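Engineer:
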Amino acid sequence: MDIANINGEAWDGEVENNNWWTRIVSQESIDEARKGNPGIWVTPSSNVPLSWIEPLKGKKVLNACGGGGQQTPLLSAYGALVTVIDISKKQLEQDRIALDKYSLDAEIVHGSVLSLPFEDESFDHIINPCSLNFIEDLDGVYSQFYRVLRKGGSLIFGISNPILYIFNDKIMEKKLKVKYTLPFSDTTSLSRKELEKRIRKGDTVEFSHTLSSIISNLLSKGFVIDGFFSDSSGFESVDSFVRDSYLAFKAIKSR
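The working numbering puts the first residue of the sequence shown at 14, with every later residue one more than the last.
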């Protein structure tokens with residue numbers, strides 16, 4: 014199963030559906046970024062602390078899985094030298110539209126974070142908006158991030174709390190019903206018939222991971238966690254039950 018291709022096409026469809034993660038940022042947001050307040054987010058409801066973003070100004074930044082007309086133009090307006098890579102061509106087209114609209118520059122690359130087409134130590138920093146739950150090989154992604162990041166550089170990323178995947182996702186925004194055991198994987202937690210139906214409908218293929226795989230794999234690569242916060246989902250039914258729906262990390266390449 015070509016998960017990257019399935020998810021790339023699914024996110025192409027999300028652009029057509031006007032998913033929140035595909036909406037181009039406003040002129041007001043770009044103006045604020047140019048003034049020094051870029052308002053970057055890697056989870057749904059909260060901005061990354063400005064102290065995490067300040068070192069990115071004037072530096073080479075990889076926006077990994079970051080298409081959608083959001084982080085790329087904001088980082089560019091802030092003064093970072095941005096490269097964005099994404100598996101969704103339409104998400105990257107949103108970036109092109111935003112960059113043209115606001116007279117900004119960035120390098121746009123269609124590809125997978127599991128095989129980054131960049132030289133070792135190419136970037137000073139990496140931003141990864143919440144997307145790792147669409148990738149099965151989390152250890153492989155961390156290895157690629159570590160390879161292309163320079164020593165002392167930061168990796169800022171968001172990820173879903175694994176606990177969210179115990180619920181029936183089809184009714185999750187209205188009510189919570191426990192349905193799955195963890196760790197969840199669309200490829201193993203669903204029947205073949207259910208999985209094929211989801212793919213035909215244009216749904217993404219997702220993986221819950223575990224807190225151990227999220228944190229231990231990061232540390233084993235040589236990253237040091239330098240910052241953390243949790244975030245809400247934006248849905249009352251979920252947030253009333255799980256206050257830490259999303260997790261955001263700042264990690265430093267230490268060696």
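For glycine and all other residues, C-beta sits at the position ideal for the given N, C-alpha and C.
Owing to the predicted nature of the structure, the values given are computational and were not obtained by experimental measurement.
Between K206, E219, M185, R211, which has its C-alpha nearest P196's C-alpha?
Structural biologist: E219
Engineer: Relative to the C-alpha of N181, which residue among S156, I148, L203, S101 is closest?
Structural biologist: L203
Engineer: Using a Cβ distance threshold of 8 Å, determine whether the segment 182-194 contacts the segment 159-172, with at least three qualifying pairs required.
Structural biologist: No: fewer than three Cβ pairs fall under 8 Å.
Engineer: Mapping the DSSP letters down to three states, classify N230 as helix, strand or coil.
Structural biologist: helix
Engineer: By DSSP's criteria, K263 is part of a beta bridge. Which residues make up the other side?
Structural biologist: For K263, which the question treats as bridged, DSSP gives the partners I169, G240.
Engineer: Which parts of the segment 22-104 are runs of the alpha helix (DSSP H), unbroken and 4 residues or longer, counting only runs that do not cross its ends?
Structural biologist: 40-47, 63-66, 84-91
Engineer: For T56 and K234, what's the separation of their Cα atoms in angstroms?
Structural biologist: 23 Å
Engineer: Decide if P175 is buried, meaning its Cβ has at least 16 other Cβ atoms within 10 Å, or exposed.
Structural biologist: If you draw a 10 Å sphere on the C-beta of P175, you find 16 or more other C-beta atoms in it, and that means buried.
Engineer: Rounded to the nearest angstrom, how far is the Cβ of P86 from that of L117, given a contact under 8 Å?
Structural biologist: 5 Å
Engineer: So within the segment 145-214, which uninterrupted alpha helix (DSSP H) runs reach at least 4 residues, ignoring any that extend past its ends?
Structural biologist: 151-161, 199-202, 205-213
Engineer: Measure how close the beta-carbons of A264 and L168 come, nearest whole angstrom, since I'm counting them as under 8 Å.
Structural biologist: Contact holds; Cβ gap of about 5 Å.
Engineer: Which residues in the same chain have their Cβ closer than 7 Å to the Cβ of D216, if we skip the five residues on either side of it in sequence?
Structural biologist: Counting only Cβ-Cβ distances below 7 Å, and skipping sequence neighbours, we find A23.
Engineer: Under 8 Å by Cβ, that's how I've got G80 and V97 pegged, so tell me the actual separation to the nearest angstrom.
Structural biologist: Contact between G80 and V97 holds, with the beta-carbon distance rounding to 6 Å and staying under 8 Å.
Engineer: Within its chain, find whatever has a CB closer than 7 Å to the CB of R109; leave out the 5 residues flanking it on each side and keep chain order.
Structural biologist: I121
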